[in-house]
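Before any comments, here is the structure.
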Amino acid sequence: MSVTHDARVHARPATAQRPAVRGWPDINNPAAWIVAAILLIMPLIANGFFLIEIFATTLILGTIALSLMFLAGYGGMVSLMQLTIAGFCAYMVAVFGASGNANISLGWPWWLAVPMALTLATIFGTLGGALAVRTEGIYTIMITLAIGAAFYYFTNQNWAIFNGHTGINNVSTPHFWGVNWRSDIPFYYIVLAVAALCYFAVDYIARAPFGLALQGVRDNPRRMAALGFNVNAHRVAAYAVASFIAGLAGVLQVWNYRQISPGTVSVGACIDVLIIAIVGGIARPVGPYIGALVFVLLRTFALDFLVKIGLDGNRFRLLIGLGFLAIVFWSSDGVIGLWQRWRQSQRPRTDRPSGGPGHG
Amino acid sequence: MTRFVERHPAWALIVIIAIAVMLWLIFAVWPPGLEEAIGRKRVFLNALFNGITLGGLYFLVASGFTLIFGLMRNVNLAHGSLYLFGGYVGYAISASTGSWILSFIVAFILTALVGVLLQVLVFRRMEGQDLRQTMVTIGLSIVFADLMLWACGGDFYQIQTPSWLIGPIELPLLTAIKSSGEPVYLRYPLVRLVILLASVIIGVAMWLALNRTRIGMIIRAGVDDRDILAATGVRIQIVFVLVFALGAGLAGIAGVVGGTFQSLSPGEDIRFLLASLVVVIVGGMGSIPGAALGALIIGLAEQLGSVYIPTYAIVVTFLIMVLVLAVRPQGLLARR
Chain A
1 MSVTHDARVH ARPATAQRPA VRGWPDINNP AAWIVAAILL IMPLIANGFF LIEIFATTLI
61 LGTIALSLMF LAGYGGMVSL MQLTIAGFCA YMVAVFGASG NANISLGWPW WLAVPMALTL
121 ATIFGTLGGA LAVRTEGIYT IMITLAIGAA FYYFTNQNWA IFNGHTGINN VSTPHFWGVN
181 WRSDIPFYYI VLAVAALCYF AVDYIARAPF GLALQGVRDN PRRMAALGFN VNAHRVAAYA
241 VASFIAGLAG VLQVWNYRQI SPGTVSVGAC IDVLIIAIVG GIARPVGPYI GALVFVLLRT
301 FALDFLVKIG LDGNRFRLLI GLGFLAIVFW SSDGVIGLWQ RWRQSQRPRT DRPSGGPGHG
Chain B
361 MTRFVERHPA WALIVIIAIA VMLWLIFAVW PPGLEEAIGR KRVFLNALFN GITLGGLYFL
421 VASGFTLIFG LMRNVNLAHG SLYLFGGYVG YAISASTGSW ILSFIVAFIL TALVGVLLQV
481 LVFRRMEGQD LRQTMVTIGL SIVFADLMLW ACGGDFYQIQ TPSWLIGPIE LPLLTAIKSS
541 GEPVYLRYPL VRLVILLASV IIGVAMWLAL NRTRIGMIIR AGVDDRDILA ATGVRIQIVF
601 VLVFALGAGL AGIAGVVGGT FQSLSPGEDI RFLLASLVVV IVGGMGSIPG AALGALIIGL
661 AEQLGSVYIP TYAIVVTFLI MVLVLAVRPQ GLLARR
């Protein structure tokens, strides 16, 4: 139980410093303000390719991984079906909205199709979660992986709704107030707004009574049950929240690529989300976004990089797998954990003479 | 068995009626009305036999998975990779030497060796950390899948069936009666029957080894309580290595079997990983009879489903899993 265990270690100092728990932890952190400013003015820095292919994709993948981080870090439930929920929502947007496959799509306007898709995705994820919470710990991985794989094979076989392995193409994207919201810069801001919303929502829920109870359920379900909390209800509710977040990311994903096919919800992609969350670090909401950035950068540039140093460019997945193994072996808290360990190893030399400004 | 009947008379009655209907469907000559309603008997019998033989293959894969899980609490998500590895090894051996039997032996030994290496080099270092072990198996499955793609490419391979097993045989099961009054019997590929027989023999041998031998007793004790077993002085690390080798070797054999009557390609590892997950969830984790029952149910559901409700076949499998989780979350034959 290393992953959830490490999230637990983190929760302890947070509860020790009461005032820091109440307020927004990021508000005193200059690094957070700098990152926020850079993200806001990103369209000035980056061109279309970097803006959409790197940063928007990172934010979308990071949001899906954020929903997994919420479940795993605060709820202790490692769910491999978060991408499946996002993909289901994307499919629903394509089915209810307008697309190139007129025989399948119902052609609703986006402001009707998106809430419908989000509702259905949340229901889907909650039902899956209700199944998964019937068992515990390690079994959750197996059941959610089975759900994800079943959905993948189902989309491949079913032609009436999911249009088989060709998927649904030319999904229409919103146009209103005279703006094409899928053109690069407006789309980037939509993605950024949704990602920020999800990030702060998770950050807030973690400190709200529900989130604290959920962390209690993670640490000691028996004791929480004895205290009168309904353990399974908390877990299912956590699945509902996570499904909604994953659904939001799914909507953005289908708008990004304008198409959805079974390849998007394949088992490999489900596992990629887990990799993103683990590599980034599963103890804090910012981890998944860091992991997603690393993953997207690797996915985009590993081919060129490998060819440049004289290796076979197709071995990108090998690189990802080995990197993931290394992270799991040496740092169970991902890149964030490595960073913190590095900081701690630096601290005795830098902080002690100046009296330690960190003890605010 | 009698206790089950006493406890759940209604369920027992339903099971008996279902078995009776099944037997009638298999042995009777179907009346014309039934043939009109659900198709010809030959199709049904073929689907049934395909389901049972597929169940045999699933059992080979899932029994190793469930054995490893039961003893070491290690959800080995790289099990599908071991299956595919065994299949590729079997293909290489059978293509170079032409011996089908030899390919089984070599595939078993090599995958068992991989299993030993995994246990000694990787899992032993993180004992008791289930989730971390699972993460490692995920990473390993990605690495293995890519290495195998590198070595073998994306082509489909099929292992050559030996000449003495090629061709169908006639089974003493009526499929229809011709208008001339001459009975028509079912013809079925011999190799599939041999494979089914082999997996039944392996299953029975495993059951005997687990229930009638000393090492089996140690393994069963380990499944129940690992720590106490270690405290009694059993050298548990050796037992772990042995079980991991056996489980991995079974996956390798299953790879050769799967390569003979289906085909080998990248992606098959995920398919068989999913199959063994569903089989052990349905049958009960850590239980060999459970794996057998689960494999039979899932194999039948998949084949009958793909004949009678083609686009929703996978949903049937999934619904069975949901039903089992809703009624008996620990699996049909788990003892817990």
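Protein sequence lines correspond, in order, to chains A and B. The first sequence begins at 1 in this note's numbering and counts up by one. The second sequence begins at 361 in this note's numbering and counts up by one. Idealized CB from N, CA, C, for every residue including glycine.
Residues bridged to residue i by DSSP?
{"i": "residue 530 (chain B)", "result": "B:547"}
{"i": "residue 624 (chain B)", "result": "B:517"}
{"i": "residue 176 (chain A)", "result": "A:179"}
{"i": "residue 260 (chain A)", "result": "A:168"}
{"i": "residue 537 (chain B)", "result": "B:543"}
Taking Cβ-Cβ distances shorter than 7 Å, what residues in chain B pair up with residue i?
{"i": "residue 321 (chain A)", "result": "499, 502, 503 and 506"}
{"i": "residue 267 (chain A)", "result": "630"}
{"i": "residue 278 (chain A)", "result": "495"}
{"i": "residue 236 (chain A)", "result": "Those within 7 Å of residue 236 (chain A) in chain B number zero; the least Cβ separation is about 14 Å."}
Along chain A, in chain order, which residues have C-beta atoms closer than 7 Å to that of residue i?
{"i": "residue 689 (chain B)", "result": "134 and 135"}
{"i": "residue 634 (chain B)", "result": "146 and 149"}
{"i": "residue 480 (chain B)", "result": "Chain A residues near residue 480 (chain B): none, gap ~15 Å exceeds 7 Å."}
{"i": "residue 419 (chain B)", "result": "Ordered by position in chain A, no residue passes the 7 Å Cβ test against residue 419 (chain B), which lies about 18 Å from the chain."}
{"i": "residue 678 (chain B)", "result": "150"}
Taking only beta-carbon atoms, is residue i less than 9 Å away from chain B?
{"i": "residue 366 (chain A)", "result": "In the structure displayed, chain A extends from 1 to 360; residue 366 (chain A) sits before or after that span and is not available."}
{"i": "residue 259 (chain A)", "result": "no"}
{"i": "residue 220 (chain A)", "result": "no"}
{"i": "residue 157 (chain A)", "result": "yes"}
{"i": "residue 338 (chain A)", "result": "no"}
{"i": "residue 329 (chain A)", "result": "yes"}
{"i": "residue 101 (chain A)", "result": "no"}
{"i": "residue 70 (chain A)", "result": "no"}
{"i": "residue 314 (chain A)", "result": "yes"}
{"i": "residue 360 (chain A)", "result": "Low confidence applies here, because residue 360 (chain A) scores a pLDDT of 31, under 50, leaving its location unreliable; read the following figure in that light. Not one chain B Cβ lies under 9 Å of residue 360 (chain A)."}
{"i": "residue 292 (chain A)", "result": "no"}
Apart from the five residues on each side of it in sequence, which residues of its chain come closer than 7 Å, Cβ to Cβ, to residue i?
{"i": "residue 667 (chain B)", "result": "403 and 407"}
{"i": "residue 570 (chain B)", "result": "576, 579, 580 and 648"}
{"i": "residue 101 (chain A)", "result": "163, 168 and 169"}
{"i": "residue 192 (chain A)", "result": "39 and 59"}
Is any beta-carbon of chain A found at less than 9 Å from that of residue i?
{"i": "residue 510 (chain B)", "result": "yes"}
{"i": "residue 624 (chain B)", "result": "no"}
{"i": "residue 570 (chain B)", "result": "no"}
{"i": "residue 686 (chain B)", "result": "yes"}
{"i": "residue 600 (chain B)", "result": "no"}
{"i": "residue 426 (chain B)", "result": "no"}
{"i": "residue 648 (chain B)", "result": "no"}
{"i": "residue 637 (chain B)", "result": "yes"}
{"i": "residue 672 (chain B)", "result": "yes"}
{"i": "residue 445 (chain B)", "result": "no"}
{"i": "residue 682 (chain B)", "result": "yes"}
Kindly list the residues whose CB is nearer than 8 Å to the CB of residue i, restricted to its own chain and excluding five residues on each side of it in sequence; keep chain order.
{"i": "residue 684 (chain B)", "result": "641, 642, 691 and 692"}
{"i": "residue 324 (chain A)", "result": "275, 278 and 279"}
{"i": "residue 300 (chain A)", "result": "53 and 54"}
{"i": "residue 238 (chain A)", "result": "70, 71, 74, 75, 77, 129 and 214"}
For residue i, return the contacting residues in chain B, with the cut-off set at a CB-CB distance below 9 Å.
{"i": "residue 170 (chain A)", "result": "Neighbours of residue 170 (chain A) on chain B: none; closest Cβ ~24 Å, over 9 Å."}
{"i": "residue 317 (chain A)", "result": "502, 503, 505, 506 and 509"}
{"i": "residue 271 (chain A)", "result": "437, 498, 501 and 502"}
What does residue i reach in chain A if we use C-beta pairs closer than 8 Å?
{"i": "residue 675 (chain B)", "result": "150 and 154"}
{"i": "residue 603 (chain B)", "result": "Result: empty, since nearest Cβ-Cβ is about 18 Å, beyond 8 Å."}
Inspect the beta-carbon positions of residue i and residue j and report whether they are closer than 9 Å.
{"i": "residue 681 (chain B)", "j": "residue 150 (chain A)", "result": "yes"}
{"i": "residue 449 (chain B)", "j": "residue 609 (chain B)", "result": "no"}
{"i": "residue 85 (chain A)", "j": "residue 128 (chain A)", "result": "yes"}
{"i": "residue 367 (chain A)", "j": "residue 67 (chain A)", "result": "Residue 367 (chain A) cannot be examined here, being either before or after the span of chain A that is shown, 1 to 360."}
{"i": "residue 409 (chain B)", "j": "residue 548 (chain B)", "result": "yes"}
{"i": "residue 646 (chain B)", "j": "residue 430 (chain B)", "result": "yes"}
{"i": "residue 253 (chain A)", "j": "residue 38 (chain A)", "result": "no"}
{"i": "residue 183 (chain A)", "j": "residue 132 (chain A)", "result": "no"}
{"i": "residue 440 (chain B)", "j": "residue 633 (chain B)", "result": "yes"}
{"i": "residue 211 (chain A)", "j": "residue 283 (chain A)", "result": "no"}
{"i": "residue 90 (chain A)", "j": "residue 216 (chain A)", "result": "no"}
Report the neighbours of residue i on chain B: residues whose CB is nearer than 8 Å to its CB, in chain order.
{"i": "residue 138 (chain A)", "result": "433, 435, 490, 491 and 494"}
{"i": "residue 46 (chain A)", "result": "Neighbours of residue 46 (chain A) on chain B: none; closest Cβ ~30 Å, over 8 Å."}
{"i": "residue 131 (chain A)", "result": "682, 685 and 686"}
For residue i, return the contacting residues in chain A, with the cut-off set at a CB-CB distance below 9 Å.
{"i": "residue 566 (chain B)", "result": "In chain order: nothing, as chain A lies at least about 22 Å away."}
{"i": "residue 641 (chain B)", "result": "135, 139, 142, 143 and 146"}
For residue i, collect the residues of the same chain with a Cβ closer than 6 Å to its Cβ; drop the 5 residues on either side in sequence, then sort them by chain order.
{"i": "residue 665 (chain B)", "result": "673 and 676"}
{"i": "residue 492 (chain B)", "result": "486"}
Any Cβ of chain E within less than 9 Å of the Cβ of residue i?
{"i": "residue 305 (chain A)", "result": "The structure shown contains no chain E; its protein chains are A and B."}
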